[in-house]
Amino acid sequence: MTQEIKESSPYSSKIWLKSYDDHVKPEIELEVYSLAEMFQRTANKYPDNLCYDFQGLKATFKETESYINSFANCLVENGVKKGDRVAINLPNLPQFIISLFGTFYAGCAASGINFLLSSSEITYQLKDCGAAAIVTLDSFYEEKVREALQGGKTNVKVVITTSAADALDVEPAMIEQLIKIGKIPFGKVEPIEGIKYFTYKEIIEKYPSDKPPDVKIEPDDVLLLQYTGGTTGPPKGAILTHRNLISMLQLVRHWFEPGAKTGDIYISGFPFFHLAGLQFCLQTIFMSCAQILVPDPRDTTYMVGKMKEYEGKISLFYNVPTLYLMLLDNRKFKKLDLSNVQGYISGAAPFATKSINEFEDVVGKGKVVEGYGMTEASPGVTMNPYLGEKKIGTVGLPFPNTEVKLVDVSDREKEVPIGEAGEIAIRGPQIFQGYWNKPEETENALQEGWFYSGDVGIMDEDGYLKIVDRTKDMIIVSGFKVFSVEVDDKMNKHPAIELCACIGLPDPDRPGSEIVKLYVLLKKGYENNEDMKADILKYAQENLAKYKIPKIIEISENLPLTVIGKIDKKALRK
Numbered sequence: 362m363t364q365e366i367k368e369s370s371p372y373s374s375k376i377w378l379k380s381y382d383d384h385v386k387p388e389i390e391l392e393v394y395s396l397a398e399m400f401q402r403t404a405n406k407y408p409d410n411l412c413y414d415f416q417g418l419k420a421t422f423k424e425t426e427s428y429i430n431s432f433a434n435c436l437v438e439n440g441v442k443k444g445d446r447v448a449i450n451l452p453n454l455p456q457f458i459i460s461l462f463g464t465f466y467a468g469c470a471a472s473g474i475n476f477l478l479s480s481s482e483i484t485y486q487l488k489d490c491g492a493a494a495i496v497t498l499d500s501f502y503e504e505k506v507r508e509a510l511q512g513g514k515t516n517v518k519v520v521i522t523t524s525a526a527d528a529l530d531v532e533p534a535m536i537e538q539l540i541k542i543g544k545i546p547f548g549k550v551e552p553i554e555g556i557k558y559f560t561y562k563e564i565i566e567k568y569p570s571d572k573p574p575d576v577k578i579e580p581d582d583v584l585l586l587q588y589t590g591g592t593t594g595p596p597k598g599a600i601l602t603h604r605n606l607i608s609m610l611q612l613v614r615h616w617f618e619p620g621a622k623t624g625d626i627y628i629s630g631f632p633f634f635h636l637a638g639l640q641f642c643l644q645t646i647f648m649s650c651a652q653i654l655v656p657d658p659r660d661t662t663y664m665v666g667k668m669k670e671y672e673g674k675i676s677l678f679y680n681v682p683t684l685y686l687m688l689l690d691n692r693k694f695k696k697l698d699l700s701n702v703q704g705y706i707s708g709a710a711p712f713a714t715k716s717i718n719e720f721e722d723v724v725g726k727g728k729v730v731e732g733y734g735m736t737e738a739s740p741g742v743t744m745n746p747y748l749g750e751k752k753i754g755t756v757g758l759p760f761p762n763t764e765v766k767l768v769d770v771s772d773r774e775k776e777v778p779i780g781e782a783g784e785i786a787i788r789g790p791q792i793f794q795g796y797w798n799k800p801e802e803t804e805n806a807l808q809e810g811w812f813y814s815g816d817v818g819i820m821d822e823d824g825y826l827k828i829v830d831r832t833k834d835m836i837i838v839s840g841f842k843v844f845s846v847e848v849d850d851k852m853n854k855h856p857a858i859e860l861c862a863c864i865g866l867p868d869p870d871r872p873g874s875e876i877v878k879l880y881v882l883l884k885k886g887y888e889n890n891e892d893m894k895a896d897i898l899k900y901a902q903e904n905l906a907k908y909k910i911p912k913i914i915e916i917s918e919n920l921p922l923t924v925i926g927k928i929d930k931k932a933l934r935k
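According to our numbering, the sequence shown is numbered sequentially starting from 362.
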């Protein structure tokens, strides 16, 4: 049973529809099929089109599918069954794409592992999802994965190791030299009794590549167990099906339809273990386009070099704001011909207004397209229009086939009026099925067909959504709600501030209340001294309500970032 939006609700009329681009329909008919079939369709229709480019190593869709078939056959022939989970612990290498779709072709579910996790954190994820197999770099295996597997702590029965060298199109002698001088990481693989081991090269050489295993895959089979970290507690595995992701891919294609062309080149710095990066990877293949693989997004020299190589051919970027700003600091980036780029999609973190303006001064006005989503939504919920008005400071309009309403943060039965802050609730074909083995968390998040996101937003009269905060990042000062994102955005406009973030601390003088603490990273050329703190405080006093003004200002040499470039407020709280 699903709960309908009441006719009296301010959200029942879908006020965002009037702001849609002309080509966007309120509802589109969605095809339902598996992502294994999705790759097969692309490979059959465009076998000789470029699938990916990694450090000059290029492969067509036909070549890539032959590797995928070998990988899937290896899994099935070594006891990995339909419905089993396969963990993928790799950076953005060709092997990730091959392992991912090989997992799908075998009828299994994939679970990407953040390669920055500790050994104990890897053990937790492997145990929680019950992984039957893991794919990892040999260097990761030696550093952390072997320890995570020791002592029978997990259900892993198959380990597949690979190296960055496997993805390089260079002579073996050159690879040996690069390993010796430390340019390519290399690890020793010491087997654990009871586990089968394979190298990536062995799989490609040994297992059939002409056709996939005979496994029937249904649209409602589990596709991904995607782990999402909260502000408290261990990560939770979000259950996403083939139906969820193939729906999301079609909604995004429809949104960008006028500019979508087969054979275009896309580039992103999002890691594939993050759902934003994975969705980008899948979207590129779904659109029959090619992707430039970026194993280290901090290496803007490499990224700019690939942009130069494909100058005039790249049509879409997808990054976090911090990476766009890093590119802006690269003088060669500013000299590129970017006229063919249709859009610079930004997500996962707020893009400050002044930063958007600075970036668009280089790439062209109206080119930044901010969106909003989360793991539980495959991951898209809203996007600014591709052609129409992009309201800077908002994350745009709900996708077609998607309903959004805002409810009181303390009473989900009560919807808030347009223009007021409330918790964002979403319903649509992209919404996940629940959290793996966590019924209580599932029951709290999914109620009568609606996913309650824990994010606080405001919808304006045109249907544009602005993210105000996470409910867990909201600060309560003497009973007043302080939305940390609002404070961050306002203080980021101070001329000396490069980045900043605020958190709430217990107020020693008022039990149950909090005070605002602001962490600041200064721009180059500004000094960390008491005069600077006083100037920042003065700016806050002039631009914020009294209860929102930071009581503590700490200037740091760096701020902790998540692997995708968001300021890590969880780390700041520690």
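We treat Cβ as the ideally placed atom computed from N, Cα and C, and that holds for glycine.
Review point. Ends of the alpha helix (DSSP H) at residue 639?
Key: Working through the sequence shown from its first residue, we reach residue 639 at position 278. Run containing residue 639: 636-647, per the alpha helix (DSSP H) assignment.
Query - Where residue 723 sits in the DSSP three-state scheme - result: By 1-based counting over the sequence shown, the position of residue 723 is 362. Residue 723: helix per DSSP, three-state reduction.
Would you decide whether residue 771 is buried or exposed? Buried here means 16 or more other CB atoms lie within 10 Å of its CB.
Counted from its first residue, the sequence shown places residue 771 at position 410. Counting other Cβ atoms within 10 Å of its Cβ, residue 771 stays below 16 and is therefore classed as exposed.
What residues in its chain sit with their C-beta under 7 Å from that of residue 862, if we drop five residues either side in the sequence?
Translated into the one-based positions of the sequence shown, residue 862 becomes position 501. 849, 880, 920, 928, 930 and 933, listed in sequence order.
| request: Counting only the same chain and skipping the five closest in sequence on each side, list residues whose C-beta sits under 8 Å from that of residue 441. | output: Residue numbering aside, residue 441 sits at position 80 when the sequence shown is read from its first letter. 447, 467, 469, 493, 494, 518 and 519.
Exercise. Should the region 595-602 be called in touch with the region 763-783, which here means at least 3 C-beta pairs below 8 Å?
Worked result: no
- Query: Do residue 396 and residue 472 have their CB atoms nearer than 8 Å?
  - Reply: One-based indexing of the sequence shown puts residue 396 at position 35. One-based indexing of the sequence shown puts residue 472 at position 111. Contact flag unset, no.
Exercise. Using 8 Å as the Cβ pair cut-off and three pairs as the minimum, do the region 722-732 and the region 741-749 touch?
Worked result: yes
Practice problem: Tell me whether residue 871 is buried or exposed, calling it buried when 16 or more other Cβ atoms sit within 10 Å of its Cβ. | Solution: For this step, residue 871 is matched to residue 510 along the sequence shown. Residue 871 is exposed by the Cβ-count criterion.
Problem - Beta-carbon gap between residue 674 and residue 628 smaller than 8 Å - result: Taking the first residue of the sequence shown as position 1, residue 674 is located at position 313. Taking the first residue of the sequence shown as position 1, residue 628 is located at position 267. Not in contact: residue 674 and residue 628 (Cβ atoms no closer than 8 Å).
Worksheet entry | Nearest-angstrom beta carbon gap, residue 788 and residue 764 [assumed within contact, 8 Å] | Taking the sequence shown and counting its residues from 1, one reaches residue 764 at position 403. Taking the sequence shown and counting its residues from 1, one reaches residue 788 at position 427. So it is a contact: roughly 5 Å between Cβ atoms.
Could you tell me which residues DSSP pairs with residue 867 in its beta bridges? Residue mapping note: residue 867 aligns to position 506 of the sequence shown, counting from 1. 875.
So residue 683 and residue 922 are supposed to be a Cβ contact under 8 Å. How far apart are they, rounded? In the sequence shown, residue 683 corresponds to position 322, counting from 1. In the sequence shown, residue 922 corresponds to position 561, counting from 1. Yes, residue 683 and residue 922 are in contact; Cβ-Cβ is about 7 Å, under 8 Å.
* To do: Assign residue 852 to one of three DSSP states: helix, strand, or coil.
  => Taking the sequence shown and counting its residues from 1, the one referred to as residue 852 is at position 491. Helix, per DSSP.
Own chain partners of residue 819 with C-beta closer than 7 Å, once the 5 adjacent residues on each side are dropped
Taking the sequence shown and counting its residues from 1, the one referred to as residue 819 is at position 458. Excluding positions up to five away in sequence, the list reads 780, 781, 782, 827 and 829.
Would you grab the beta carbon distance between residue 702 and residue 678 for me? Rounded to a whole angstrom, and I think it's under 8 Å.
Numbered from its first residue, the sequence shown carries residue 702 at position 341. Numbered from its first residue, the sequence shown carries residue 678 at position 317. Between residue 678 and residue 702 the Cβ distance is about 7 Å, and since that is below 8 Å, they are a contact.
_Can you give me the C-alpha to C-alpha distance between residue 461 and residue 886, rounded to a whole angstrom?_
Within the sequence shown, residue 461 is the residue found at index 100, counting from 1. Within the sequence shown, residue 886 is the residue found at index 525, counting from 1. Residue 461 and residue 886: Cα-Cα distance of roughly 45 Å.
When the Cα atoms are used, what is the spatial distance from residue 853 to residue 706? On the sequence shown, residue 853 is found 492 positions in, with the first residue counted as 1. On the sequence shown, residue 706 is found 345 positions in, with the first residue counted as 1. Looking at the two C-alpha atoms, the distance is approximately 21 Å.
Using a 10 Å radius around the Cβ and a threshold of 16 neighbouring Cβ atoms, would you call residue 626 buried or exposed? Here residue 626 refers to the residue found at position 265 when the sequence shown is read from its first residue. Buried, because 16 or more other Cβ atoms sit within 10 Å of the Cβ of residue 626.
Open item on the list: Could you give the first and the last residue of the continuous beta strand (DSSP E) run that contains residue 811?
Closed with: Within the sequence shown, the letter at position 450 stands for residue 811. That run of the beta strand (DSSP E) goes 811-820.
Check whether the region 684-699 touches the region 655-670, counting contact only when three or more Cβ pairs, one atom from each stretch, lie closer than 8 Å.
yes
| field | Buried versus exposed call for residue 549 [16 or more other C-beta atoms within 10 Å across all chains shown] | value | In the sequence shown, residue 549 corresponds to position 188, counting from 1. Label assigned to residue 549: exposed.
Alpha carbon to alpha carbon, how far is residue 510 from residue 439?
The residue labelled residue 510 in the question sits at position 149 within the sequence shown. The residue labelled residue 439 in the question sits at position 78 within the sequence shown. Taking the straight line joining both Cα atoms gives about 18 Å.
query = Where do the ends of the alpha helix (DSSP H) carrying residue 427 lie?
reply = Translated into positions along the sequence shown, residue 427 becomes position 66. 422-438 is the extent of the alpha helix (DSSP H) around residue 427.
query = Based on the DSSP output, what are the partners of residue 579 in its beta bridges?
reply = Position 218 of the sequence shown, counted from the start, is the residue given in the question as residue 579. Paired residues: none, contrary to the question.
| query | If we ignore side chains and look at the alpha-carbon of each, how far apart do residue 646 and residue 617 end up? | reply | Within the sequence shown, residue 646 is the residue found at index 285, counting from 1. Within the sequence shown, residue 617 is the residue found at index 256, counting from 1. Straight-line Cα distance between these residues: approximately 15 Å.
Leaving aside the five residues before and after residue 463 along the sequence, list all residues of the same chain whose C-beta is less than 6 Å from its C-beta, in chain order.
As a first step, residue 463 is located in the sequence shown; it is residue number 102 there, counting from the start. Same-chain partners within the cutoff: 429, 432 and 433.
- Message: Distance check for residue 418 and residue 536, CA to CA, integer angstroms please.
- Response: Within the sequence shown, the letter at position 175 stands for residue 536. Within the sequence shown, the letter at position 57 stands for residue 418. Residue placement at residue 536 cannot be trusted, given a pLDDT of 49 that sits under 50; what the coordinates show is reported in the next sentence. The straight-line gap separating the alpha-carbon atoms of residue 536 and residue 418 is approximately 14 Å.
**Prompt:** Mind pulling the alpha helix (DSSP H) runs of 4 or more residues that sit fully within the region 674-715?
**Reply:** 682-689
Item to check | When 648, 799, 808 and 690 are compared against residue 411, the one with the closest alpha-carbon | outcome: What you label residue 411 is simply residue 50 of the sequence shown in a count that begins at 1. When only C-alpha atoms are compared, the closest one is 648.
(Q) Taking only three categories from DSSP, how would you classify residue 414? (A) Your numbering for residue 414 matches position 53 in the sequence shown. Strand, per DSSP.
Subject >> Paired residues, beta bridge with residue 744 - DSSP >> reply: On the sequence shown, position 383 is the one that residue 744 refers to. According to DSSP, residue 744 bridges with 732 and 758.
Problem - Closest by C-alpha distance to residue 388, when choosing among 785, 611 and 632 - result: Sequence index remark: in the sequence shown, residue 388 carries index 27 (1-based). Of 785, 611 and 632, the residue nearest in Cα terms is 611.
Would a C-beta distance cut-off of 8 Å place residue 709 and residue 637 closer than the cut-off?
By 1-based counting over the sequence shown, the position of residue 709 is 348. By 1-based counting over the sequence shown, the position of residue 637 is 276. Contact: yes.
### Task
Provide the residue span of the beta strand (DSSP E) that contains residue 830, from first to last.
The sequence position of residue 830 within the sequence shown is 469, counting from 1. It spans 826-831 - the beta strand (DSSP E) in which residue 830 sits, taken as one unbroken run.
Practice prompt. Answer with buried or exposed for residue 718, where buried requires no fewer than 16 other C-beta atoms within 10 angstroms of its C-beta.
Written response: As a working mapping, residue 718 is identified with position 357 in the sequence shown. By the neighbour-count rule (16 or more Cβ atoms within 10 Å), residue 718 is not buried but exposed.
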